[in-house]
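Residue numbers (my numbering): -1 to 139.
Glycine included, every Cβ here is placed at the ideal spot set by N, Cα and C.
These numbers were taken from a predicted model, which means no experiment stands behind them.
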């Protein structure tokens, strides 16, 4: 037989490089546990989550330990949403300028109804979570 069927060293190195690049690409847009430290979330946890005074009018507060973000679009009107982004499941991490922000791919959701902005990677609104406020305490139902 004339010819070798063993791969060359160059072919092996090129294959290994391609595998590393593919791994990095998958990590950048991987599953719900990625996103620069943002972890995926489960269902909102029932019970008290915090004080209504901690939720600014026109904004909101993420209560990560309860998997809920509570917003106050107008004075006295409190809304609850699950912290799980509808794009790839990362946890939303902040509320700024009237939007709930997901750090994974910068999806933004309106504080009033959880709807994604037109330029967001997410296309579905955040899941609503029933919340109530009594004596200054926010409770997830």
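Alpha carbon to alpha carbon, what distance is there between residue j and residue i?
i           : j           : result
residue 87  : residue 6   : 42 Å
residue 115 : residue 132 : 31 Å
residue 94  : residue 104 : 12 Å
residue 49  : residue 59  : 10 Å
residue 82  : residue 72  : 23 Å
residue 62  : residue 102 : 16 Å
residue 138 : residue 128 : 6 Å
residue 84  : residue 109 : 15 Å
residue 76  : residue 119 : 26 Å
residue 117 : residue 135 : 35 Å
residue 113 : residue 121 : 8 Å
residue 57  : residue 111 : 12 Å
residue 74  : residue 53  : 10 Å
residue 107 : residue 96  : 8 Å
residue 47  : residue 124 : 18 Å
Bridge partners of residue i, per DSSP?
i           : result
residue 131 : 136
residue 100 : The partner list for residue 100 (beta bridge, DSSP) is empty, contrary to what the question assumes.
residue 126 : 79
Taking the beta strand (DSSP E) that residue i falls in, what are its first and last residues?
i           : result
residue 92  : 92 to 94
residue 89  : No beta strand (DSSP E) contains residue 89, which DSSP labels as neither H nor E.
residue 108 : 106 to 108
Measuring CB to CB, does residue i end up less than 9 Å from residue j?
i           : j          : result
residue 65  : residue 45 : no
residue 69  : residue 98 : yes
residue 130 : residue 80 : no
residue 67  : residue 90 : yes
residue 51  : residue 78 : no
query: Going along the chain, which unbroken runs of the beta strand (DSSP E) with 3 or more residues stay wholly within the stretch 30 to 86?
result: 45 to 49, 57 to 61, 66 to 72 and 75 to 80
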